[in-house]
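First comes the structure, then the notes that go with it.
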Amino acid sequence: MSTSTQRVVVTGLGATTPVGGDVASTWEGLLAGKSGVRLLEDPRYAELPVRFAGQVAVDPYDVLDRVEARKLDRCQQLALIAAREAWGDASRPELDPERLGVVFATGIGGIVSLLDNYDILNTRGWSRVSPMSVPQLMPNGAAAWVGLDLGAKAGIHTPVSACASGAEAIGYALEMIRSGRADVVVAGGTEACIHPITVAAFAAMRALSTRNDEPERASRPYDKGRDGFVMGEGAGALVLESAEHAAARGARVYAEVASVGMTADGHHIAQPDPEGKGATRAIRLALEAAGASPSDVIHVNAHATSTPQGDIAEATAIRAVLGAATDGVAVSGTKSMTGHLLGGAGAVESVAAILALKYRLAPVTANLDDPDDEIGLDIVHGSPRELRSGDAVVLNNSFGFGGHNVALVFRSV
Amino acid sequence: MSQTLEGLAAIVNEVAGTPIADITAEKSFVDDLDIDSLSMVEVVMACEDKFGVSIPDGEVKNLRTVGDAVAFIDSAMSA
Chain E
3 MSTSTQRVVV TGLGATTPVG GDVASTWEGL LAGKSGVRLL EDPRYAELPV
53 RFAGQVAVDP YDVLDRVEAR KLDRCQQLAL IAAREAWGDA SRPELDPERL
103 GVVFATGIGG IVSLLDNYDI LNTRGWSRVS PMSVPQLMPN GAAAWVGLDL
153 GAKAGIHTPV SACASGAEAI GYALEMIRSG RADVVVAGGT EACIHPITVA
203 AFAAMRALST RNDEPERASR PYDKGRDGFV MGEGAGALVL ESAEHAAARG
253 ARVYAEVASV GMTADGHHIA QPDPEGKGAT RAIRLALEAA GASPSDVIHV
303 NAHATSTPQG DIAEATAIRA VLGAATDGVA VSGTKSMTGH LLGGAGAVES
353 VAAILALKYR LAPVTANLDD PDDEIGLDIV HGSPRELRSG DAVVLNNSFG
403 FGGHNVALVF RSV
Chain Y
8 MSQTLEGLAA IVNEVAGTPI ADITAEKSFV DDLDIDSLSM VEVVMACEDK
58 FGVSIPDGEV KNLRTVGDAV AFIDSAMSA
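See below:
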């Protein structure tokens, strides 16, 4: 039995990121201000204006069985690693497979497999193109593999909304449980699209930092010297479960997924609305749906990509909604350490936001040497910030090219 | 073990992870070795590269067992 007010909780977390190969090491790194951004040694990057990125800290081939790994695109490998960790962390709920769903997002999909096979087509002809290339390139491939791995039959879905994709997946999963379609949903986001063409393409938009001499310091949200985002790869996964189902099996609960707010800018294909109007509405809708007031918010894991315009637009939106309460809210920009995981970002940052709520500790924002006066937020930097105890909510923002805005609210339990 | 069987076993091991010792002539690709239709394409591609033979799509359905494949490859190599 489910209703639109069905409470949904988080019972498992998983992640593999440039900072760490699992949730524990990623969280530890985010508290310590550890950057996962490194130079790209591959000579194919030598002539590009950007020669660094955040590659995953642990090679997926060190985690997965070799035969399994070779069938999968790298974004699918990372998704499977994160999903399995989350599922294990939730103590592997036993339920009717028709009540188990998967919502796993990606912004780009298996583009590196596609490009590798295009190279094969050009050098060796069509007869050597891998029969796995379609399952590898299809954006729903990661969700499908996770679903096959868990035997999920309630439905498998892949929202695609650029850098908001991972957050949208969690929102979709929340609605899937509330609408009664599933009792448990594994939700997440993944990306692994670092390749000379994607780096060149984002560089062509002038969206990337070009701080080649200091890769670890290139992602610097809210700093006056920020000059664009840093590409990253990785995946995050959450096990969402109806509160009823979680209670019935005595599951450990991290937090409640209180609400999601989703809007569109209707402004520009790649530029944020300078006043952050769409983002403002998303945050406001999410807090209203959660029944939370600005003073309930103790922490924001911000989208904070380190672009000159985007960081200001988001800060404007946060202040527009939280008003005077903004000053008491600890804001963290964890992309300063992970880089921008694109379709994986919203999921990994939701994992971080949930842990911040659970442990009452906000991770740092690295590289904030010279805060931009226009930002006007209380940014956590230098060392992690202790958050107040008691009933509270945290907010995770994600925005994507195309004008997608997703705000998630997690409530303490 | 013939050289062809040895080479084919290495390919099946690479594609499906089956232990080399379990890859014997009477084994069925589909029923015993966990080779689905997509994996079979990979096996065929790798055999064509390794043995320098051509295995037409129309022939693949006749290669039910490892022994069938070895026989086809041996005959194609001596042709």
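Line order of the protein sequences matches chains E and Y. For the first sequence, my numbering begins at 3 and goes up steadily by one. For the second sequence, my numbering begins at 8 and goes up steadily by one. C-beta: ideal position from N, C-alpha, C; glycine also.
CA-CA distance, E:Met3 and E:Val395?
-> Its pLDDT being 39, under 50, E:Met3 is placed unreliably in this model, and the coordinates cannot settle the point.
Sort out for me which residues DSSP pairs E:Ala17 with in a bridge.
-> E:Gly238
Could you list which residues in chain E have their beta carbon closer than 8 Å to that of Y:Glu49, in chain order?
-> Ser132, Pro133, Met134
Mapping DSSP to helix, strand and coil, what is E:Ile158?
-> strand
Looking at chain Y, which residues of the stretch 68-86 of chain E have a Cβ within less than 9 Å of any of its Cβ atoms?
-> Arg68, Val69, Glu70, Arg72, Lys73
Test item: CB-CB of E:Leu42 and E:Thr192 under 7 Å | no
Does Y:Leu40 come within less than 7 Å of chain E when only Cβ atoms are used?
-> no
Taking the alpha-carbon positions, what's the E:Thr168 to Y:Val37 distance?
-> According to the sequence shown, residue 168 of chain E is Gly rather than Thr. Looking at the two C-alpha atoms, the distance is approximately 37 Å.
For Y:Leu45, return the contacting residues in chain E, with the cut-off set at a CB-CB distance below 7 Å.
-> Pro133, Met134
Outcome for E:Leu150 when other beta-carbon atoms lying within 10 angstroms are tallied against a minimum of 16 | exposed
Tell me, which residues are paired with E:Leu210 by DSSP?
-> E:Phe231
Y:Gly24 versus chain E: which residues are under 9 Å apart at the beta carbon?
-> Asp67, Arg68, Val69, Glu70
DSSP beta-bridge partners for E:Asp380?
-> E:Ala332
Could you pull out every unbroken alpha helix (DSSP H) segment of at least 4 residues lying fully inside the stretch 22-68 of chain E, listed in chain order?
-> 25-34
Taking E:Glu277 as part of the beta strand (DSSP E), name the residues at either end of that continuous run.
-> Where E:Glu277 is concerned, there is no enclosing beta strand (DSSP E), given that its DSSP letter is neither H nor E.
Beta-carbon separation (whole angstroms), E:Gly402 vs E:Thr108, contact threshold 8 Å | That pair is no contact at about 12 Å.
Element boundaries [alpha helix (DSSP H), containing Y:Glu85] | Residue 85 of chain Y is actually Ser in this sequence, not Glu. Y:Ser85 -> alpha helix (DSSP H) spans 73-85.
Assign E:Trp128 to one of two classes, buried (16 or more other C-beta atoms within 10 Å of its C-beta) or exposed (fewer than that).
-> exposed
Going along chain E in order, which residues have a C-beta closer than 8 Å to the C-beta of Y:Met84?
-> Correct list: empty, because the minimum Cβ distance to chain E is about 19 Å.
Would Y:Ile27 be called buried (16 or more neighbouring beta carbons within 10 Å of its own) or exposed?
-> exposed
Cβ contact (3+ pairs, closer than 8 Å) linking the stretch 5-19 of chain E and the stretch 352-371 of chain E = yes
Considering only C-alpha positions, which residue in the set E:Ala291, E:Arg362, E:Ala315, E:Leu116 is nearest to E:Gly173?
-> E:Ala291
Is the distance from the Cβ of E:Asp24 to the Cβ of E:Glu100 below 7 Å?
-> no
Which word fits E:Asn303, buried or exposed, when buried means at least 16 other C-beta atoms lie within 10 angstroms of its C-beta?
-> buried
Ends of the beta strand (DSSP E) at E:Asp407?
-> With the sequence shown as reference, residue 407 of chain E is identified as Asn, and Asp is not the correct amino acid for it. Counting along the chain, the beta strand (DSSP E) containing E:Asn407 begins and ends at 406-413.
Reduced DSSP secondary structure (H/G/I, E/B, other) of E:Val105 = strand
Separation of E:Ala85 from E:Asn142, as counted between CA atoms | 15 Å
Measure from the alpha carbon of E:Ser416 to the alpha carbon of each residue in E:Asp225, E:Gly236, E:Gly182, then state which is nearest.
-> This structure does not reach residue 416 of chain E, given that chain E is present from 3 up to 415, and the question cannot be answered.
Let me know the secondary structure DSSP gives E:Asn142 once reduced to three states.
-> coil
Roughly how many angstroms separate the alpha carbons of Y:Thr25 and E:Leu242, rounded to a whole number?
-> 36 Å
Rounded separation between Y:Gln10 and Y:Ser61 - CA only = 18 Å
Pick from E:Val188, E:Pro45, E:Gly280: whose alpha carbon is nearest that of E:His270?
-> E:Gly280
Do you know how far the Cα of E:Arg213 is from the Cα of Y:Ile80?
-> 55 Å
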